[in-house]
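Participant: Provided herewith is a single structure, encoded as structure tokens, for subsequent inquiry.
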Amino acid sequence: MESGFGSDFGSAGGAGGKLDAGLIMEQVKVQIAVANAQELLQRMTDKCFRKCIGKPGGSLDNSEQVSEAGAGGGKRRAGSRGRSGAAPPQKCIAMCMDRYMDAWNTVSRAYNSRLQRERANM
């Protein structure tokens with residue numbers, strides 16, 4: 004039973020061993036899309052973790068607790084934005100990831116729209 008990336012290229016030729024350029028292009032596009040999605044997730048994870056988890060404890064619930072009165076010399080956890088009682092880290096991470104994805108989608112739509120306009124003007 005053949006499976007995997009290598010066998011797709013090997014079986015793409017059909018008669019005479021010629022490769023189907025369209026199939027290869029589609030596979031390359033899929034691989035690029037997967038790499039872009041992985042990079043997006045990695046960047047989003049890094050940024051949101053740095054923003055929401057200042058000093059990790061034994062669990063997310065224990066990360067850099069800050070009292071509502073601002074004990075500790077006025078130190079706030081990153082991302083608390085001056086509110087009394089910062090959001091729990093889990094909620095901060097979820098909100099950060101939602102905002103990151105919303106921003107990514109907005110930029111992607113604008114970029115794709117611009118590409119389409121530029122192609123139409125060629």
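Numbered by my numbering, the letters in the sequence shown go through residues 4 to 125 in order. Cβ coordinates follow ideal geometry from the N, Cα and C atoms, glycine included. Being a predicted model, the structure only gives us computed values, none of them experimental.
Identify whether Val37 lies in helix, strand or coil by the three-state DSSP scheme.
Facilitator: Three-state result, Val37: helix.
Participant: So is Leu44 in contact with chain B if we call contact Cβ pairs under 7 Å?
Facilitator: The displayed structure is made up of one protein chain only, and chain B is not part of it.
Participant: Report the rounded CA-to-CA distance for Asn124 versus Val110, giving the unit in angstroms.
Facilitator: In a straight line, the C-alpha of Asn124 is about 21 Å away from that of Val110.
Participant: Whole angstroms are fine: how far does the CA of Met98 sit from the CA of Ala40?
Facilitator: Computed Cα separation, rounded: 19 Å.
Participant: Taking the alpha-carbon of Met47 as reference, which of Met100, Tyr114, Lys54 has the nearest alpha-carbon?
Facilitator: Answer by Cα proximity: Met100.
Participant: For Gly57, which of helix, strand or coil comes out of DSSP?
Facilitator: DSSP places Gly57 in coil when its eight states are reduced to three.
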